[in-house]
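To start, the structure under review is shown below, and the notes come after it.
In the UniProt record's numbering, the protein residues as written are 1 to 94.
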């Protein structure tokens, strides 16, 4: 679990398990103060694959993600050397 102060009487909490998250969203009391939580979900993550050999195809990457139960919501993009259209072998996607 992590907690970060974001403003007056506001905190952002990251939970390590779903049960703790559900309990937090139910609300709780500290002394006579009621604490209410709002659910903020971000289920998209940018993933970088650094230094992948050129012979590994985008399809192989997508197939491996599928095996892990993950689906891409964006096409695979290639990072290019600045000022060129030469890929540096890093690929990334959402």
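Here a beta-carbon is modelled for each residue, glycine too, at the ideal position from N, C-alpha and C.
CB contact flag (residue i, residue j, <7 Å)
| i | j | result |
| --- | --- | --- |
| residue 76 | residue 58 | yes |
| residue 94 | residue 73 | yes |
| residue 39 | residue 25 | yes |
For residue j and residue i, believed in contact at Cβ under 8 Å, the rounded distance
| i | j | result |
| --- | --- | --- |
| residue 90 | residue 49 | 7 Å |
| residue 5 | residue 47 | About 29 Å separates the two Cβ atoms, so there is no contact after all. |
Simplified DSSP assignment, three categories, for residue i
| i | result |
| --- | --- |
| residue 12 | strand |
| residue 1 | coil |
| residue 29 | strand |
| residue 18 | helix |
| residue 41 | coil |
| residue 77 | strand |
| residue 62 | helix |
Cβ shell of residue i (< 8 Å), same chain only, five flanking positions each side left out
| i | result |
| --- | --- |
| residue 1 | 13, 14, 15, 16, 20 |
| residue 35 | 27, 28, 29 |
Close beta carbons around residue i, own chain, < 7 Å, minus the five adjacent residues each side
| i | result |
| --- | --- |
| residue 7 | none |
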